[in-house]
Ligand code: C2E
Ligand code: CA
Ligand code: CA
């Protein structure tokens, strides 16, 4: 046998103290950087940069401003497309809240949602978001845009609040939007909380309205299989954190594959989020995933930019 030429490439992930975060996280962050390097192609080098979430906000100032923020119209709904794998067409979108703070600029939801949950204002924000989405759905219908299902995230506090389902029913009737065009996402953590039974009852009532339900951030918590079996979701969303290292980690590949199979066996469709490039698309499509969401298709966009995608 003659010589065989092998073409090898190596990717490098670098983290530097203190720019890349605390010393205790250096290994972890180098690994994240390696995953980033692989995402952008073979044989790349990536240096880890601390995440925006580690930015120092004055929590007290945010806390004080949050009460009037809704009235002052500081919130804006962004939309991120959800794409059908088979056709690569946009069939849905997730509504994601953005807070344009007069002093700090854009504040990511991972910062303000927990504050809103602590203060209970999340219930008002949820109502505001639902109304905005319903009005938007009506506009898209009137102006003959492609009609898609829009997902709304809900916190445990909202689900438990009195009149939660009644308000949704009232709003759907008031805005005359087909319930099938709305979906609610509940995180695995909230769904499996100590209030499991109450959440279950509420979700069954919600389902009766005709809206869709998705189990979000799947794979980050501890789901009991007996609960998952009776859980009234039509969609299982596999969390981005599980997908981040999929190109470099065989174990993650096997986990995602198994989760997709599990969801399908329970009669659910699967959305995988955090798809950032074609290699991730191809790999996860080969596992039989139904829908995908991620920067590869589009980042969350302001409504006027997003709706251009519904014209094509
Ligand atoms: P989530 O429900 O898991 O939403 C997906 C998050 O992943 C979004 O972050 C989205 O921008 C981000 N993402 C999507 N694709 C990619 C990708 O390919 N790469 C990367 N790096 N990121 C991607 P976002 O908008 O910052 O939202 C963070 C979380 O805040 C959401 O996580 C959700 O739990 C919460 N949230 C956002 N809006 C609302 C809201 O109106 N109500 C409630 N209760 N929670 C909300
Ligand atoms: Ca979500
Ligand atoms: Ca998620």
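Residue numbers (the working numbering): 73 to 384. All C-beta atoms, glycine included, are put in the ideal place defined by N, C-alpha and C. Note that the coordinates shown come from a computational prediction; the quantities given were computed from them, not determined experimentally.
- [ ] Output yes or no for whether 8 Å exceeds the beta carbon distance between residue 320 and residue 110.
- [x] Yes. Within cutoff.
Task: Contact test: residue 218 Cβ vs ligand 1 heavy atom, cutoff 7 Å - done: no
Task: Residues that DSSP places opposite residue 365 in a beta bridge - done: 345
Task: Range of the contiguous alpha helix (DSSP H) that encloses residue 262 - done: If you look at residue 262, you'll find it in the alpha helix (DSSP H) that goes 260-263.
Task: For residue 167, the residue or residues it bridges with in DSSP - done: 151, 224
- [ ] For ligand 2, list every residue whose C-beta falls under 6 Å from any of its heavy atoms, going in chain order.
- [x] The set, ordered by position in the chain, is 166, 225, 257, 288.
TODO: Would you list, in sequence order, the uninterrupted beta strand (DSSP E) runs of no fewer than 3 residues that lie entirely inside the region 260-319?
DONE: 284-290, 307-310
Task: 8 Å contact criterion, which residue 149 and residue 165 should meet: CB distance rounded - done: Not a contact, Cβ separation roughly 10 Å.
Open item on the list: As a quick exercise: from 203, 331, 100, pick the residue whose alpha carbon is nearest that of residue 246.
Closed with: 203
TODO: May I ask which residues mark the beginning and end of the beta strand (DSSP E) holding residue 118?
DONE: 117-119
TODO: Following the continuous beta strand (DSSP E) through residue 86, name the residue where it begins and the one where it ends.
DONE: 84-86
Open item on the list: Between 211, 318, 179, which has its C-alpha nearest residue 358's C-alpha?
Closed with: 318
Task: Residue interval of the alpha helix (DSSP H) (run including residue 184) - done: 181-191
Task: residue 372, buried or exposed, once every other Cβ within 10 Å from all chains shown has been counted against 16 - done: buried
Task: From 227, 223, 356, 368, residue whose alpha carbon lies closest to that of residue 306 - done: 223
TODO: Go through its chain and collect everything with a Cβ distance to residue 114's Cβ below 8 Å, but skip five positions before and after it.
DONE: 81, 83
Open item on the list: Using only CA atoms, which one of 199, 303, 292 lies nearest to residue 324?
Closed with: 292
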